[in-house]
Each structure stands twice: as structure tokens, then as C-alpha cells.
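Asks: What follows is a structure written as C-alpha cells; I'll ask about it next.
In this note's numbering, the protein residues as written are 3 to 88.
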């Protein structure tokens, strides 16, 4: 685990982990869509379900965009190339 990630998880740590631009934009858009849906007549329970689904989707997309998937693919490619007969 990276040290910066570990510092964010430790509850008594004095360092703060600010949101990046992508995370903040996703949060704002999800809140705006949920507010528009509830004012448009959607029941609050359905809006909360949509908000939860959108949150999970945004976490997945953000993690993919930050390179977590590329690191996994890079490790898989290295393992595959190491197993090839040369």
C-alpha cells in the first residue's frame, strides 16, 4: 500500500486527503441530478437508489481513470510475457 493511502486511512493522522478534481466534479453532478429528479416528481426512495448506484459507478470510473486498472493490466502483461517461451 502506498504511504499516502495509508495516511488517509489512519484515523488519528494529522494529514488530510483532499478530493481531486474528478472526484469533486462527480459528487457535484450526482447531487445535482438527484435534486433535479426529486423536484421533477421522482419519489425520494427511488432518487436515493439512483444516487447510490451513481455513486458506485462514479467510484468505479474514477478508479479506472486514475490508473488502478492500468496497473493491473501492466502486471498481467508482465506475467504473461514472462511465461512465454523465448
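We put the CB at the ideal spot given by N, CA and C, even for glycine.
A quick note: this is a predicted structure, and the numbers were derived from the prediction, not measured.
Below 8 Å between beta carbons: does that hold for residue 72 and residue 28?
Replies: No.
Asks: Buried or exposed: where does residue 24 fall if 16 or more other Cβ atoms within 10 Å of its Cβ makes it buried?
Replies: Label assigned to residue 24: exposed.
Asks: Below 8 Å between beta carbons: does that hold for residue 49 and residue 36?
Replies: Going by C-beta atoms, residue 49 is nearer than 8 Å to residue 36.
Asks: Report the three-state DSSP secondary structure of residue 21 (helix, strand or coil).
Replies: Coil.
Asks: To which residues of the same chain is residue 56 closer than 6 Å at the C-beta, ignoring the five residues directly before and after it?
Replies: 32, listed in sequence order.
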